[in-house]
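Read the structure below first, then the notes.
4 protein chains.
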Amino acid sequence: MTELDRSGTDGNAGGMTSRTAPKLDHLLGIAAGLMARRGFGRTSIRDVANETGISLGGLYYYFKNKEDLLFLIQERTFGALLELQEAALAEGGDAETRLRRLVRNHLRYFLDHFNELKVCTYELESLEGERYEAIAELRRWYYHRLAEIVAEVWGVPGDRLESDGRVRHATLFVFGMLNWIFTWYDADRDKPVDRLGDEMIALVMDGLRAGPPPERTESS
Amino acid sequence: MTELDRSGTDGNAGGMTSRTAPKLDHLLGIAAGLMARRGFGRTSIRDVANETGISLGGLYYYFKNKEDLLFLIQERTFGALLELQEAALAEGGDAETRLRRLVRNHLRYFLDHFNELKVCTYELESLEGERYEAIAELRRWYYHRLAEIVAEVWGVPGDRLESDGRVRHATLFVFGMLNWIFTWYDADRDKPVDRLGDEMIALVMDGLRAGPPPERTESS
Amino acid sequence: MTELDRSGTDGNAGGMTSRTAPKLDHLLGIAAGLMARRGFGRTSIRDVANETGISLGGLYYYFKNKEDLLFLIQERTFGALLELQEAALAEGGDAETRLRRLVRNHLRYFLDHFNELKVCTYELESLEGERYEAIAELRRWYYHRLAEIVAEVWGVPGDRLESDGRVRHATLFVFGMLNWIFTWYDADRDKPVDRLGDEMIALVMDGLRAGPPPERTESS
Amino acid sequence: MTELDRSGTDGNAGGMTSRTAPKLDHLLGIAAGLMARRGFGRTSIRDVANETGISLGGLYYYFKNKEDLLFLIQERTFGALLELQEAALAEGGDAETRLRRLVRNHLRYFLDHFNELKVCTYELESLEGERYEAIAELRRWYYHRLAEIVAEVWGVPGDRLESDGRVRHATLFVFGMLNWIFTWYDADRDKPVDRLGDEMIALVMDGLRAGPPPERTESS
DNA sequence: TATGAATGAGGATTCATTCAT
DNA sequence: GATGAATGAATCCTCATTCAT
């Protein structure tokens, strides 16, 4: 599955008019900020009301649920990132080039949408049912794109890609590096972000180029 | 600072006797399981009571707070891991050997204490004040041990270790790989764990051996 | 300090509208009744909910705290009494006249707002911090007005008023008479209340007119 | 009723031996201190346990109830005071002499047993049933002794004493002065206590000597 | 006598959500 | 579109009390 399909799973309450849409954007930004800082569970709708200046009851015009609010944030943010990445992949180039491009894009997006992306990264489990599934699907898409690149570097054929634990692991290691950044990134200390991406690629690229490790290991 | 100091920040209900100690262990295990699955915030003390069979009020004999319960889990689990790692480092060997030992130990511990370690990894922010600080200190200790190894591989002198962003980043990338595993590890699919560790080392070791990337990057 | 300043210490849920204000009055009346009968500590919010017919959660729309509820009662009741007394003092007259006026006003107010005033009198210590201080300030104001009258009768100059133990004691004796009434007053037996006031004045006025007792006493 | 009858209403758990009696004294003193400071309701048995060093369970050897603990304090303290006063009255003398003696005794006792007597004065309502009745009876006895003196000064015959509101009121006014002292007494500022008693007598004695006020008053 | 361990009831408070206006 | 007012369920925690040892 390569096509990205994003359409409201559940319908956010009523059609936004051109007058309400910017208000919604503002709202989602504030909510993302709160949830990034304190987590979804510890963020109350009342917090969002206070921070946005919208009344408690009024908020429910914009989303039908606390969970729906979270979904809206994740869907928009992650969706936009993936569109970006899809375009980046479409530009072509060899595997290393594409990998570097992916990582840099990710990190630039991370910088511009820190709160929102943090929420995407750490609050998937706060969604349930259809909403969970919709975001999980996006995540899988992202995973597969990276896995394909790893497989290409290692010359693992597409049909063995799914079953090859080593590809899986290497891919997830890279996502681990990428996702953990939210816990330590300090704008003053760790900029510029492109440099960070290059360091990550440098750390990993030689290992990738060397090919996958042997299937079996005896232990020390 | 190499000595690990772990002593109750706040004093949970006095010295456990030999009769209550195993009960406490059991309790903490159950609580860790719940918190690993649903998160700290979504785990209620009532859940713990139901799952353990201890009465709601009775639990408060073992800890003074929900937060204290979390602290107890983190302190014990993380403390024990760090003791293990401290011993592992004391065994000596070159940087790569020590790094591989650290990673393997971590992953074995991860396997044996999945729930508890997941709680340590993802719920630090649920602690506050002194309790937060006590665990954060443990984390810093762990970070520094790994950073020292990276610095040694790269020949960065000890006094520049703190200020060198590249050492910092490489170290945190490795922790990212390690910590993200909780989100995807599947016992059936991803064992054995030593193999996982070797793959991680393989992915990263060449990059490390190549030395740090240049300080500045230009580029698109 | 003669100006009375009473403004919410902490902001109970915003500005009451004309629709909610009477409900709040009713609520505070009920709560005062319960607290007068059973004390603040033994009055539960649930009691208030049951007695008012408002739901447990709904009550928190009107105050943010159990303590805030108590504060609201005290601030309103005591504040209104002191406004009354301030006006009474402004009417002028000699010291005895003003004293009699004060006592009568107090007792009439006592009769009309028995529960509320009892709560003011006996539950100051149930407040803390800013709220305590706000009410304590009102109490001090009241004390000083009475002390001034005593001092005037005795010809103690204003600047010695603070330091003169005899003025202090006589004033507090009168407050003692006044405040203890809550423990024994029986509407059937002890009315009319103006008569009670006159008896109190009669008991004390001759002693006051005789001037302060000598500074030092040898004992029996 | 002149005879004082004090015998445990309820039996404090088990007969105290000579070894446990002093421990009980200590315990009651501590408990009285806590209850004087924070009130009966806000004092927990756990507080008493912590403050005394006796274990929570162990306390129940000394009393069977939290209420029983309060009762023990009140019975002992108030009982001893009344014995003192009974003896003081037995010494004879005219009404003024006896009144002054009563007041001085009361205040000296107040000074030596501040906590305990405060608890007697303010926590009668925390007792129920038989225990309440037993202490209320002591209080009535005390009230009557003072009322008799007032009646004697005013020449009110003993058989009209009960029905005469003016005697009742004057008596209760004096108790009000006496009982309110707990709320303001400051050892540094307000000593010596005999002097305080003399001031109280001086404030009131002229009014008493002048005879009761006329039965009816027109108002304002 | 005294303690550690445990219970169950009740208390204050928060919170997502709803609905009439 | 938006608000004020209200609800009911759930949550954390405290506390008097008990009982085996």
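Protein chains in written order, with the working numbering: chain B, 1 to 220; chain H, 1001 to 1220; chain P, 2001 to 2220; chain X, 3001 to 3220.
Glycine included, each C-beta is placed from N, C-alpha and C at the ideal position.
Remember, it's a predicted structure, so these values are computed and weren't measured experimentally.
Notebook entry, point to check: Excluding five sequence neighbours on each side, which residues of the same chain lie with their C-beta closer than 6 Å to the C-beta of Thr1043/H?
Noted result: The residue given as residue 1043/H occupies position 43 in the second sequence. Result list for Thr1043/H: Leu1034 and Met1035, in chain order.
Check: Roughly how many angstroms separate the alpha carbons of Glu51/B and Ile30/B, rounded to a whole number?
Finding: Looking up residue 51/B in the first sequence gives position 51. Looking up residue 30/B in the first sequence gives position 30. Cα to Cα, the separation comes out at about 7 Å.
Notebook entry, point to check: Since Leu1107/H contacts Leu1070/H with CB under 8 Å, what's their CB separation in whole angstroms?
Noted result: As a position in the second sequence, residue 1107/H is number 107, starting the count at 1. As a position in the second sequence, residue 1070/H is number 70, starting the count at 1. No, Leu1107/H and Leu1070/H are not in contact; Cβ-Cβ is about 24 Å, not under 8 Å.
Check: Quick one: is Trp1232/H near chain B, going by C-beta distance under 8 Å?
Finding: Because chain H in this structure spans residues 1001 to 1220, residue 1232/H falls outside the shown range and cannot be described.
Checklist line | Gly2093/P, buried or exposed, once every other Cβ within 10 Å from all chains shown has been counted against 16 | finding: By 1-based counting over the third sequence, the position of residue 2093/P is 93. It counts as exposed.
Item checked: Delimiting residues of the alpha helix (DSSP H) encompassing Gly33/B -> Along the first sequence, one-based indexing puts residue 33/B at 33. Taken as a continuous stretch (DSSP letters only), the alpha helix (DSSP H) holding Gly33/B covers Ala21 to Arg38.
Check: Alpha carbon to alpha carbon, what distance is there between Gly1041/H and Glu86/B?
Finding: As a working note, residue 86/B is residue 86 in the first sequence. As a working note, residue 1041/H is residue 41 in the second sequence. The alpha-carbon atoms of Glu86/B and Gly1041/H are separated by roughly 36 Å.
Notebook entry, point to check: Do Pro2213/P and Ala3202/X have their C-beta atoms within less than 8 Å of each other?
Noted result: For this step, residue 2213/P is matched to residue 213 along the third sequence. For this step, residue 3202/X is matched to residue 202 along the fourth sequence. Closer than 8 Å, so yes.
Margin query: Within 8 Å, do at least three Cβ pairs link the region 2129 to 2145 of chain P to the region 3167 to 3177 of chain X?
Written below: no
Check: Using a C-beta cutoff of 8 Å, does Met1035/H count as contacting chain B?
Finding: Position 35 of the second sequence, counted from the start, is the residue given in the question as residue 1035/H. Closer than 8 Å: no.
Checklist line | Within chain X, the residues that Phe2173/P reaches when beta carbons sit closer than 7 Å | finding: Within the third sequence, residue 2173/P is the residue found at index 173, counting from 1. The contacting residues are Met3177, Met3200 and Leu3203.
Note to self: Just verifying my parser: in three-state terms, what is the DSSP assignment at Asp1186/H?
What the structure shows: Looking up residue 1186/H in the second sequence gives position 186. Coil at Asp1186/H, not helix or strand.
Checklist line | Own chain residues within Cβ distance below 8 Å of Glu3123/X, not counting five before or after | finding: Here residue 3123/X is taken as the residue at index 123 of the fourth sequence, counted from 1. Excluding positions up to five away in sequence, the list reads Met3035, Gly3039, Phe3040, Leu3070 and Gln3074.
Margin query: One question on the structure: do Asp1190/H and Gly165/B come within less than 8 Å of each other, judged by their Cβ atoms?
Written below: Here residue 1190/H corresponds to residue number 190 of the second sequence, with the count starting at 1. Here residue 165/B corresponds to residue number 165 of the first sequence, with the count starting at 1. Yes. Within cutoff.
Item checked: Interface positions of the region 2086 to 2105 of chain P facing chain X (Cβ-Cβ less than 8 Å), listed along the chain -> Arg2104
Note to self: Using C-beta distances below 6 Å, list every residue in its chain close to Leu3099/X, excluding the 5 sequence neighbours before and after it, in chain order.
What the structure shows: On the fourth sequence, residue 3099/X is found 99 positions in, with the first residue counted as 1. So the list reads Ile3149, once near-sequence residues are dropped.
Next item on the list: Spatial neighbours of Asn1179/H within its chain, please: CB distance less than 6 Å, with the 5 preceding and 5 following residues excluded, ordered by chain position.
Entry: Stepping through the second sequence from its first residue, residue 1179/H is reached at position 179. Same-chain partners within the cutoff: Thr1121.
Item checked: Asn2115/P versus Leu2059/P - alpha carbon distance -> Position 115 of the third sequence, counted from the start, is the residue given in the question as residue 2115/P. Position 59 of the third sequence, counted from the start, is the residue given in the question as residue 2059/P. When rounded, the distance between both Cα atoms is 20 Å.
Next item on the list: Would you mind giving the Cβ-Cβ distance between Glu3152/X and Ala3095/X, rounded to the nearest angstrom? I have them listed as a contact below 8 Å.
Entry: Along the fourth sequence, read from residue 1 onward, the residue named residue 3152/X stands at position 152. Along the fourth sequence, read from residue 1 onward, the residue named residue 3095/X stands at position 95. Yes, they are in contact, since the Cβ atoms of Glu3152/X and Ala3095/X sit about 4 Å apart, within 8 Å.
Check: Residues in the region 1061 to 1082 of chain H with C-beta within 8 Å of chain B's C-beta atoms, listed in sequence order?
Finding: none
Checklist line | Start-to-end residues for the alpha helix (DSSP H) that takes in Ile149/B | finding: The residue given as residue 149/B occupies position 149 in the first sequence. Gly129 to Trp154 is the span of the alpha helix (DSSP H), which, as asked, contains Ile149/B.
Next item on the list: At 7 Å on the CB atoms, spell out the chain H contacts of Asp206/B, in chain order.
Entry: Sequence index remark: in the first sequence, residue 206/B carries index 206 (1-based). Chain H residues near Asp206/B: Asp1206, Gly1207 and Ala1210.
Check: To which residues of the same chain is His113/B closer than 7 Å at the C-beta, ignoring the five residues directly before and after it?
Finding: Translated into positions along the first sequence, residue 113/B becomes position 113. Answer for His113/B: Thr77, listed in chain order.
Next item on the list: Return the CA-CA distance between Trp1154/H and Arg1209/H, expressed in angstroms with no decimal places.
Entry: Working through the second sequence from its first residue, we reach residue 1154/H at position 154. Working through the second sequence from its first residue, we reach residue 1209/H at position 209. Between Trp1154/H and Arg1209/H, the C-alpha separation is close to 7 Å.
Note to self: Strictly under 8 Å for the Cβ-Cβ distance: is Gly2129/P near chain X by that measure?
What the structure shows: Taking the third sequence and counting its residues from 1, one reaches residue 2129/P at position 129. No - not a single Cβ of chain X is within 8 Å of the one on Gly2129/P.
Next item on the list: Write down the C-beta distance between Asn2105/P and Ala2088/P rounded to the nearest angstrom, noting that I regard them as a contact closer than 8 Å.
Entry: Residue mapping note: residue 2105/P aligns to position 105 of the third sequence, counting from 1. Residue mapping note: residue 2088/P aligns to position 88 of the third sequence, counting from 1. About 5 Å; that satisfies the 8 Å criterion.
Check: Within 10 angstroms of its Cβ, does Ala2147/P collect 16 or more other Cβ (buried), or is it exposed?
Finding: Translated into positions along the third sequence, residue 2147/P becomes position 147. Label assigned to Ala2147/P: buried.
Next item on the list: Please go through the same chain and pick out, in chain order, the residues whose beta-carbon is closer than 6 Å to the beta-carbon of Gly2197/P, but skip the five residues on each side of it.
Entry: As a first step, residue 2197/P must be located in the third sequence, where it is residue number 197. Cβ neighbours of Gly2197/P beyond the five flanking positions: Val2103, Arg2104 and Leu2107.
Next item on the list: Give the DSSP-derived three-state secondary structure of Gly2014/P in the structure shown.
Entry: For the purposes of this step, residue 2014/P is taken as residue 14 along the third sequence, with counting starting at 1. With a pLDDT of 49 at Gly2014/P, under the threshold of 50, the modelled position of this residue cannot be trusted; read the value that follows with caution. Correct three-state label for Gly2014/P: coil.
Next item on the list: Locate the alpha helix (DSSP H) running through Ile3073/X, then write down its first and last residues.
Entry: Walking along the fourth sequence from the start, residue 3073/X turns up at place 73. Taken as a continuous stretch (DSSP letters only), the alpha helix (DSSP H) holding Ile3073/X covers Lys3066 to Ala3090.
Note to self: If you reduce the DSSP assignment to three classes, tell me which class His1169/H lands in.
What the structure shows: Taking the second sequence and counting its residues from 1, one reaches residue 1169/H at position 169. Three-state result, His1169/H: helix.
Next item on the list: Give the secondary structure of Leu1099/H by DSSP, where H, G and I count as helix, E and B as strand, and everything else as coil.
Entry: Sequence index remark: in the second sequence, residue 1099/H carries index 99 (1-based). The answer is helix: DSSP assigns Leu1099/H an H, G or I state.
Check: Does any residue of chain X bring its CB to less than 8 Å from the CB of Ile2181/P?
Finding: The residue you call residue 2181/P lines up with position 181 of the third sequence. Answer yes: the Cβ-Cβ gap between Ile2181/P and chain X drops below 8 Å somewhere.
Margin query: I need the DSSP call for Gly211/B, collapsed to helix, strand or coil.
Written below: Your numbering for residue 211/B matches position 211 in the first sequence. Three-state DSSP puts Gly211/B in coil, outside helix and strand.
Item checked: Reduced DSSP secondary structure (H/G/I, E/B, other) of Thr3043/X -> Stepping through the fourth sequence from its first residue, residue 3043/X is reached at position 43. If DSSP states are grouped into helix, strand and coil, Thr3043/X belongs with coil.
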